[in-house]
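K.L.:
So for the sequence shown, our numbering puts the first residue at 100; every next one is plus one. The beta carbon of each residue, even a glycine, is placed where N, CA and C say it ideally should be. Just so you know, these numbers come straight off a predicted model, no measurement behind them.
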Amino acid sequence: MVIVALLVILLMILILPLANRHIEHNIEYFLFAMGVAAAFVSGVFSYDLIEHIFKNHLLYLITAAVFLSGLLFEIFKDKFKKSIGTVVTHIPLKIFIFLIIIILGLTASIITAIIASIILVEIIHLLPLKHKDKVVITVIASLSIGMGAALTPIGEPLATIVTSKLNANFFYLFNTLGIYVIPGILALGFLGLLYINKLEINNHFIIEENYVKEAEEIKKVERFQFIFIQAFKIFVFILALELLGAGFKPIIDNYIIHLDSRLLYWINMASAVLDNATLAAAEISPAMTTEQIQAILMGLLISGGMLIPGNIPNIISAGKLNIKSREWALVGIPLSLVGLVIYFIIHFVI
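1) Residue range of the alpha helix (DSSP H) that P282 falls in?
2) Please return the same chain residues whose Cβ sits closer than 8 Å to the Cβ of L105, not counting the five positions on each side in sequence.
3) With 16 as the cutoff for other CB atoms within 10 Å, does I126 come out buried or exposed?
4) Entirely within the stretch 363–394 and at least 4 residues each: give me those alpha helix (DSSP H) ranges in chain order.
5) Which word fits S241, buried or exposed, when buried means at least 16 other C-beta atoms lie within 10 angstroms of its C-beta?
6) Determine the burial state of Y354: buried for a count of at least 16 other Cβ atoms within 10 Å of its Cβ, exposed for fewer.
7) Exposed or buried, V235, counting other C-beta atoms within 10 Å across all chains shown (16 or more means buried)?
8) Taking C-beta to C-beta, are A339 and L130 nearer than 8 Å?
9) Counting along the chain, where does the alpha helix (DSSP H) carrying N125 start and finish?
10) So, at 6 Å on beta carbons, what are the nonlocal neighbours of G288 in its own chain, with the 5 sequence-adjacent residues on each side left out?
11) Looking only at C-alpha atoms, which of I239, I218, T185, F179 sits nearest to V165?
12) Buried or exposed for H121, going by 16 or more other Cβ atoms inside 10 Å?
13) Between V186 and D177, what straight-line distance do the alpha-carbon atoms span, to the nearest angstrom?
14) Report yes if the CB atom of S216 is closer than 8 Å to the CB atom of I244, and no otherwise.
15) Tell me which residues share the same chain as A381 and place their Cβ nearer than 8 Å to its Cβ, disregarding the 5 neighbours each side in the sequence.
16) According to the Cβ coordinates, are L257 and A379 closer than 8 Å?
17) Can you round the beta-carbon distance between G404 and S435 to whole angstroms, since I take them to be within the 8 Å contact cut?
18) Quick check on DSSP: helix, strand or coil for D359?
19) When burial is assigned at 16 or more other CB atoms within 10 Å of the CB, is W365 buried or exposed?
20) Nearest by alpha-carbon distance to T162: which of G418, L439, G277 is it?
21) Runs of 4 residues minimum, wholly inside the stretch 144–220: which ones carry the alpha helix (DSSP H) assignment?
22) With H, G and I counted as helix, E and B as strand and the rest as coil, what does DSSP make of G398?
23) For I253, I'd like the list of residues in its chain whose CB is within less than 8 Å of its CB, leaving aside the five on either flank, ordered along the chain.
24) Considering only C-alpha positions, which residue in the set N274, A371, E173 is nearest to H224?
See the structure below:
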């Protein structure tokens with residue numbers, strides 16, 4: 100009965116935000132409610148769980164980073180806007196996007212996924228693109244950051260947990276995943292370049308008009324009240340992911356971790372809505388071969404790009420750029436599915 104109830108909750112998480120606009124616009128609170136429900140259903144909701152969640156330093160670090168970056172952007176947005184404008188006038192936009200996606204992806208493992216995402220958001224804010232085009236570039240860049248951050252233990256929680264659990268050295272994940280991740284980041288950069296190249300942006304009046312409109316939107320959303328609300332929403336989002344990870348642990352422990360690595364690779368698409376660090380902690384074992392570890396982690400990393408809850412860059416970017424679940428899914432799901440198929444062929448077939 101518990102498993103059935105958890106599967107129903109999982110289906111609700113996947114379907115309702117895409118089917119109901121009210122839920123989509125309040126995705127953080129919806130996921131929090133689903134997390135509480137999952138924790139109650141699985142019998143893990145307790146004072147100890149709440150205490151454990153609120154002791155997670157990332158909860159406060161991410162929230163504070165988002166809040167402070169919003170304030171700094173509000174203070175320096177005119178200078179930042181001028182700098183970005185200068186760069187874009189000297190470098191073709193498609194090359195600039197290509198470089199941003201690659202540089203943030205490759206450096207995320209050093210500067211952390213949080214910082215890379217904040218930098219991405221402030222740059223995307225000021226690009227002379229329509230909102231729908233910003234969504235595409237943001238999804239591509241967030242996947243690049245999410246993959247790149249996994250190359251060292253300081254990049255993101257998944258990498259920290261895996262390195263610790265395997266008792267591995269600092270460069271273990273770089274040596275194990277780099278051969279897959281680095282070409283993937285380069286491919287994502289090239290994809291961003293191709294997308295910008297195909298945009299009909301030759302009409303300067305349209306772009307200028309759009310840029311002015313976007314600038315007004317920036318002024319509106321970066322007010323103190325909005326900055327505070329967005330930071331609070333991200334706080335709730337992380338709470339929700341912690342609760343969901345704890346609530347779905349019975350399914351992970353009893354059914355998932357015993358499966359063949361080929362099957363695990365695809366089942367790890369669950370990381371689109373569940374904390375990938377929790378899944379990695381449950382699935383990874385020192386007894387596994389390098390090939391098994393590669394398969395599990397690549398499945399988690401690529402699937403994380405599908406939906407907003409998939410990883411930290413998604414949450415930060417979607418929150419600060421006001422990207423809705425439906426908008427993200429329309430780009431993230433096909434992008435990640437193509438990536439999963441390509442990596443599956445490379446890893447298991449060739």
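P.N.:
Inspection of the coordinates gives the following:
1) 271–297
2) A137, V140, S141, G346, F347, P349, I350
3) buried
4) 375–382
5) buried
6) exposed
7) buried
8) yes
9) Per DSSP, N125 belongs to no alpha helix (DSSP H) and is neither H nor E.
10) F197, I200, I201
11) I218
12) exposed
13) 14 Å
14) yes
15) Once the five neighbours on either side are set aside, the close Cβ partners of A381 are K348, I351, D352, I355, I356.
16) yes
17) In this structure, G404 and S435 form a Cβ contact; the two beta carbons are roughly 4 Å apart against a cut-off of 8 Å.
18) coil
19) exposed
20) Nearest C-alpha to T162: G418.
21) 146–153, 156–189
22) helix
23) S208, I209, T211, T259
24) E173
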